[in-house]
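J.:
2 protein chains.
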Amino acid sequence: MEEKMILIPPKSGYSLELQRGQCLKVLCTEGSQVADLVAFNRQDFTEVLSNGKTFDYEQTLRLTTGNRLHSNLSNCMLEIIADSCGIHDFLLAPCCPETMRRFYNMEGPSPNCRDNLYDALAGYGIERGQIPTAFNIFMNVSVDESMGIEVLPPVAKSGDYVVFRAGMDLIVGITACSAGASNNYSFSAIEVQIQDIA
Amino acid sequence: MEEKMILIPPKSGYSLELQRGQCLKVLCTEGSQVADLVAFNRQDFTEVLSNGKTFDYEQTLRLTTGNRLHSNLSNCMLEIIADSCGIHDFLLAPCCPETMRRFYNMEGPSPNCRDNLYDALAGYGIERGQIPTAFNIFMNVSVDESMGIEVLPPVAKSGDYVVFRAGMDLIVGITACSAGASNNYSFSAIEVQIQDIA
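Protein sequences, first through last, are from chains A and B.
First residue of the first sequence? That's 1 in the numbering used here, and the numbers climb one at a time after it.
First residue of the second sequence? That's 1001 in the numbering used here, and the numbers climb one at a time after it.
1) Compare the Cα-Cα distances from A/D119 to each of A/E3, A/N75, A/L7, A/G13 and report the closest residue.
2) May I have the straight-line CA-CA distance separating B/F1187 from B/N1067, to the nearest angstrom?
3) Tell me, please, which residues DSSP counts as bridged to A/L121.
4) For A/A39, which residues in chain B fall below 8 Å Cβ to Cβ?
5) Using the C-alpha atoms, what's the distance from B/E1030 back to A/S178?
6) Is the CB-CB distance between B/F1055 and A/L92 below 7 Å?
7) Consult DSSP for B/Y1161 and reduce its assignment to one of helix, strand or coil.
8) Using a Cβ-Cβ distance cut-off of 7 Å, determine whether A/V34 contacts chain B.
9) A/Q130 versus chain B: which residues are under 8 Å apart at the beta carbon?
10) Assuming contact is defined by CB atoms lying nearer than 7 Å, are B/I1199 and B/A1082 in contact in what I supplied?
11) Around the Cβ of B/E1107, are there at least 16 other Cβ atoms within 10 angstroms (buried) or fewer (exposed)?
12) Identify whether A/D144 lies in helix, strand or coil by the three-state DSSP scheme.
13) B/Y1014 bridges to which residues according to DSSP?
14) Measure the CB-CB distance between A/P49 and A/V38 and report whether it falls below 7 Å.
15) Distance cutoff 7 Å, beta carbons only. Does B/M1147 sit that close to anything in chain A?
16) Residue ranges of each beta strand (DSSP E) run of no fewer than 3 residues wholly in the region 51-110 of chain A, ordered along the chain?
17) Let me check one thing: in DSSP terms, what residues is A/N136 bridge-paired to?
18) For A/N116, name the three-state secondary structure that DSSP assigns.
19) Taking the alpha carbon of B/S1071 as the point to measure from, which residue in B/N1140, B/D1196, B/F1045 has its own alpha carbon closest?
20) If we define contact as Cβ-Cβ less than 7 Å, is A/R68 a contact residue for chain B?
21) Hey, would you say A/K11 sits closer than 7 Å to A/P111, going by beta carbons?
22) By the 10 Å Cβ neighbour count, where 16 or more other Cβ atoms means buried, how is B/R1165 classified, buried or exposed?
23) Given that B/T1175 touches chain A, what residues does it touch there, using C-beta distances under 9 Å?
24) Would you call the CB atoms of B/G1180 and B/Y1057 closer than 7 Å?
25) What is the C-beta distance between B/P1009 and B/A1176, in whole angstroms, given that I count them as a contact (C-beta under 8 Å)?
26) Do you know how far the Cα of A/D169 is from the Cα of A/L18?
27) What three-state label does DSSP hand A/Q19 in the structure shown?
28) Report yes or no: is there a C-beta of chain B within less than 7 Å of the C-beta of A/E98?
29) Which of helix, strand or coil does DSSP assign to B/N1184?
30) For B/Q1043, which of helix, strand or coil comes out of DSSP?
31) Taking all protein chains shown into account, decide if A/P109 is buried (16 or more other Cβ within 10 angstroms of its Cβ) or exposed.
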């Protein structure tokens, strides 16, 4: 098994390509750090990750080992084949300048996942408006009895990981998230490994 | 107040334009009927309704009077200004041929909201892959303690309605939904009224 390891610095983004069958391991280096992941069909960028199709086909908001992340065109983009944490989110869109203004009173430019994903993917010609709601690895969002939602500190510890297997050839964008509440107000690197299963 | 009324037949779709400030009233004619609604910025079709941004800013999955439906670019597209029902869904993507195959063993062509929205919007040059997760008016989806989700019969009765006010100039796609479980296995028309508040 060959591996390629990349360290994504705090509050930044990265893009990579996966061939169908290749695996992507995402590691929480220091704990309590969220990684926003988006995916595009490498042959047709209008096919993207869809939380709505995924919730429908998997019949749960709690996605973990054995669950598949589906595209807007109903194809399997990524299957979760290992997950040492079990708590992730697919409800909330990537943090953006308006998130920072609205929740953190940050009026000026500041790092945010939407723009970090856009910058990382811009070389492919992907537009800002094409960035979908991300699968937010290690993000901890509760839903209460009256359907209210709350962002809680991640439960992920140092060394926690998720492994995804690509269901098609993909362009993947991934961040070390920049939003305070999502990361318990401390920011660390996310490690990713691309694994070629021999 | 001027009104324009349109009846959307069972298992079909329709598109309309709203100017900022205009209101759209959506009525359940016979009860138990879901209407999938999508919206695009009339000046820039890459700006679309976003469940992820809406959940984030409204901090609830239970959207009703006073809540706003936001775009992927964080602008208010529609505000709910009246709602006689209170139970709607923004988790699940429009039903599509794969929905019909997977949940209803329907292998051949059959009406579905994704293609009805696409057909209704095709005149604007909107692609199939651009249809976002819809705001599913009158759709009743439960979330249990372990985050499992289930499609339940709508609680909407004949005459129940929701009124939206447009926050920008919009292209709106809307259906009378075609999926069995979502509509308690009976299908009826959806009435829409465009209201010009004088």
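Just so you know, even glycine gets a beta-carbon here, dropped at the ideal spot from N, CA and C.
Source: prediction; values computed, not measured.
T.: Looking at the atomic coordinates:
1) A/G13
2) 28 Å
3) A/L121 is not bridged to any residue.
4) Those do not exist, as A/A39 stays about 13 Å from chain B at its closest Cβ, beyond 8 Å.
5) 48 Å
6) yes
7) strand
8) no
9) T1046
10) Shown here, chain B extends from 1001 to 1198; a query on residue 1199 of chain B therefore has no answer.
11) exposed
12) coil
13) B/I1174
14) Reading the sequence as shown, one finds Leu at residue 49 of chain A and not Pro. Yes, the Cβ-Cβ distance between A/L49 and A/V38 is below 7 Å.
15) yes
16) 68-70, 76-83
17) A/D36, A/D89
18) helix
19) B/F1045
20) no
21) yes
22) buried
23) Simply none; closest approach about 15 Å.
24) no
25) 7 Å
26) 6 Å
27) coil
28) yes
29) coil
30) coil
31) exposed
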